[in-house]
Each structure stands twice: as C-alpha cells, then as structure tokens.
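Using full-length UniProt numbering, the letters of the sequence shown correspond one by one to residues 1 to 392.
Let me begin by presenting the structure, written as structure tokens, before commenting on it.
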Amino acid sequence: MTSREPGFRVNATTSATHGQLRTVSVLDDSVCPGVGAHVCSLAHGLVARGVEVTVCGPVRTESEQGFSRAGARFRTVELGCPASARDEAAAMAVLRHVCSSADVVHAHGTHAGILAAFALRTLPGRRHRRTPLVVTLHSAASRSARLPFLLERRVVRAADIVLGASSDLVAHARSLGAKDARLAPVAAPKAEPALEVERVRQEIRAEFGSGDRPLLLSVGRLTPEKGHGVLLDAARTWRGADPQPLLVVSGEGPEQAALQDRIDAEHLPVRLLGRREDVPELLAAADVVVLASQWEGRSLLAQEALRTGVPLVATAVGGIPELVGDAAVLVPYGDAEALGQAVAGLLADPARRAALAEQGIAQAATWPDEDDTVAQVLSIYDELALPHVPAR
Numbered sequence: 001m002t003s004r005e006p007g008f009r010v011n012a013t014t015s016a017t018h019g020q021l022r023t024v025s026v027l028d029d030s031v032c033p034g035v036g037a038h039v040c041s042l043a044h045g046l047v048a049r050g051v052e053v054t055v056c057g058p059v060r061t062e063s064e065q066g067f068s069r070a071g072a073r074f075r076t077v078e079l080g081c082p083a084s085a086r087d088e089a090a091a092m093a094v095l096r097h098v099c100s101s102a103d104v105v106h107a108h109g110t111h112a113g114i115l116a117a118f119a120l121r122t123l124p125g126r127r128h129r130r131t132p133l134v135v136t137l138h139s140a141a142s143r144s145a146r147l148p149f150l151l152e153r154r155v156v157r158a159a160d161i162v163l164g165a166s167s168d169l170v171a172h173a174r175s176l177g178a179k180d181a182r183l184a185p186v187a188a189p190k191a192e193p194a195l196e197v198e199r200v201r202q203e204i205r206a207e208f209g210s211g212d213r214p215l216l217l218s219v220g221r222l223t224p225e226k227g228h229g230v231l232l233d234a235a236r237t238w239r240g241a242d243p244q245p246l247l248v249v250s251g252e253g254p255e256q257a258a259l260q261d262r263i264d265a266e267h268l269p270v271r272l273l274g275r276r277e278d279v280p281e282l283l284a285a286a287d288v289v290v291l292a293s294q295w296e297g298r299s300l301l302a303q304e305a306l307r308t309g310v311p312l313v314a315t316a317v318g319g320i321p322e323l324v325g326d327a328a329v330l331v332p333y334g335d336a337e338a339l340g341q342a343v344a345g346l347l348a349d350p351a352r353r354a355a356l357a358e359q360g361i362a363q364a365a366t367w368p369d370e371d372d373t374v375a376q377v378l379s380i381y382d383e384l385a386l387p388h389v390p391a392r
C-alpha cells in the first residue's frame, strides 16, 4: 500500500473466489473522459484478478476508452441521451437483462445510479434474490437545483455502499442519508514511459511558436463549471508582461465558441487547442499548470501535474486541498485577480517553482495507485456479494 490518505482502507480478500464474481458497471451519457478512464482502469484490474466485468454505457465510451481491450464485455446502453420513449424502454430492457445475472452492480454518477437502481428494482424474481448496488460519486450535483438534489438523495439511499472520490462527497452522501459512505480516491492512470523531456518540450513549444515565453497549461472540458471564463479574466493581467505568457487550453465543449470570441475580441494570450491526446507531452512543455474549476473531486490534471513535477495553481475547492496538501498554490474560486497574481508570482520566482516541483512529486508518492484502487473496490464487492454467490 502506498496510500497514507485518511479514510482510505482496503480489506483483505480471498483471490480464489473472484472467478465466481460477476459485476456490471453502469455509465450514462454525461460521463466525462476522466471517469471513463477510471472505469476502464478498474475493469482491467478486476479482470486480471478473475472477475467477470460487463460495462454498460453509450457507444462513444467504448470508442473513447476501449473497455473490450481491457478484457471487459461491453454492452451499448444509450441512457441519458435525448431519446424516444421506445428507445429509452429498449435501453432499460438491455440494462435490466445484463444486471439480472450480476452479483454486484456499480454505477458511476447520480444519473447512472438512478437508472441502475430502477433496473434492479424491476428485475424479475427480485423477491428471491437482491443484487447489491454500489454508487460512486465523482462530482457534486448542483446544491441549488431541487431536482438534482432529490435525485441524488434517492440514489444514495438506494445504494448499499456509496463511494466518494473526495471527503466532501462522502460527507455530502452521509448528509443525504447514505447507509454506508466511504472514501474511494480515483487514482490517475499509470504514468506513461518516461519522455525525453527536453526534446518534447522543444517540439511542443515549436508547435505553438512560444519560443522562450512562459507556457501555461489548462486541461478540461469547456463547460461553465470549469472556470475558463475566470481564467480568461486572469489572462488579461498577463498581457503587459515581458515576456508575455501563453496559456494553452486542451479540451472541447459547449463554451468553446464563446471563449474563442472573447480571446479574439480582447486579444488575450490564450490558445484553445481542442481535444488533445498528448497531455503528457503538453505537461512536459508547461512551466505552470492552472486549474480554475468551481469544483473538483480527484482532478486528474492536478494529479498528473504534481506527479510529473509541474507547479500547479488551482482553486481551493472540493477535494483539491486534501489532494495537493502544501504542494500547490491555492486560490479562491472566482477570484481572477488572485489567480493572475499567483501565476505571475510563480513565473517570477524560479526557486519557488523548483520547490513546488519537488513537493509535488513527494505528495504524489502518498496517493493510492491504480492497484490500491482496484483492491479497495474488489474488497467492497467481496463484502457485498460473496455471502450470496452460489458455487458455479
């Protein structure tokens, strides 16, 4: 075990029984790539331990993540998309059929949890056999919107165990009446083989034409909750710097056109890259990583930045403070002035950047890795299912 995080625990399991265990993971259409990558990592680790894994989700998630390549079975279930009543009924029928032979069903997210709970509640022969439900909360639902709040309360109460990616999500689940809520940190995928950092750095900088200018990096979907508007506000303060920093943003989403319009109108030193598959290379080229989100649980970008020794400026929200400790510069959400000053301060202080790089690598060494995460989830499956699994 590498983890020393409070609340993280793994129970002992008996590997000989895992060939008997059949699990179903449920995703809906709102799932983000980071959650999909986590589910794929879990599937790979569980299959390697003899568990039969079926993933139910939109067809795009299979093309993005490759669950089948990880050894899982994949069933297309287009849940949560705009669809006719007939299509929705057909999707639920598929989900119900797949769940009917499962020993444990594991839903990722509130909406997926509602769908999985409904499928399990309407299984034929349910009175003779009850299938346990695990729900992982990866993000915070809107606390001001009544409908998401009511759905969230219903799903956490329906689940046998609720897993939270951060301590605030665990506390929130308990406040909603969860029977059993536990911390289950989502580990970043294993690091890619070591890059030739200087060569990659020069290649990426040549691509952007940034030369010796400081290069700032942000990665995430272009949606309001990711705070890119605040990031552009902060970028105004860098326009007069010499040399002027260049902020590159990897990601796509509904805010892309509006953000690009602002960048063009205000002549901001920002470039939207669209979706990129070479984030490790972008990190190798970056001087500072910036995360301006309204909320984050277990940010993969923050994990990757610290693990690779790139200084991080982030908002002090959700699970970020417990994730990074003292190894990053934290600012309040929505405070563009504080964000801009924090970035400018780091760019002006090479010694501080070097110290944060070392602290980040040390902090990353305390986090659970993918094997720890798989072991924890498997112990939970055992706890729920093994007393009820018949010999096969």
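Using N, Cα and C, we set each Cβ at its ideal position, and we do this for glycine too.
- According to DSSP, residue pairing for I161 in a beta bridge involves V134.
- V331 is positioned such that its CB atom lies no closer than 7 Å to that of L217.
- Beta-bridge annotation (DSSP): V105 is paired with V24 and L133.
- Straight-line spacing of the CA atoms in V248 and A181 works out to 38 Å.
- In this structure A159 is not in contact with H228, their Cβ atoms being roughly 33 Å apart against a cut-off of 8 Å.
- Beta bridge pairing from DSSP links S218 with V249.
- Secondary structure of E296 (DSSP, three-state): coil.
- Secondary structure at V51: coil, using DSSP grouped into helix, strand and coil.
- Taking C-beta separations shorter than 7 Å and ignoring five residues to either side along the sequence, the partners of R22 in its chain run E52, S101, A102 and D103, following chain order.
- When DSSP states are grouped into helix, strand and coil, A328 belongs to the coil group.
- For F67, there is no enclosing beta strand (DSSP E), as DSSP gives it neither H nor E.
- About 15 Å separates the Cβ atoms of A72 and V59, ruling out a contact at the 8 Å cut-off.
- Excluding residues up to 5 positions away in sequence, G57, P58, L79, G80, G109, H111, A112 and L115 lie with their Cβ nearer than 8 Å to the Cβ of D28 in the same chain.
- Looking at the backbone, the Cα of T237 and that of R213 are separated by about 15 Å.
- In terms of CA proximity to A184, L378 leads the group A316, L378 and E64.
- In the displayed model, L183 falls within a strand according to three-state DSSP.
- When the five nearest sequence neighbours on each side are left out, the beta carbons in the same chain lying within less than 7 Å of the beta carbon of F67 are those of C40, A43, V55 and F74, in order along the chain.
- For A241, the closest C-alpha among the options Q20, D371 and V343 is that of V343.
- With a beta-carbon spacing of about 4 Å, R153 and L176 fall inside the 8 Å limit used to define contacts.
- For S63, the closest C-alpha among the options A37, A351 and D287 is that of A37.
- Listed in chain order, the beta strand (DSSP E) elements of length 3 or more contained wholly in the segment 253–280 are 270–274.
- Separation of E281 and L137 (C-alpha to C-alpha, rounded to the nearest whole angstrom) is 30 Å.
- Taking 8 Å as the upper bound for CB-CB distance, V156 and A173 are in contact here, some 5 Å apart.
- Under DSSP, T223 takes part in no beta bridge, so it has no partner.
- Setting aside the 5 residues that flank it on each side, A336 is surrounded in the same chain by V230, D233 and A234, each with a C-beta closer than 6 Å to its C-beta; the list follows chain order.
- Our two residues, F149 and L169, have alpha carbons roughly 13 Å apart in a direct line.
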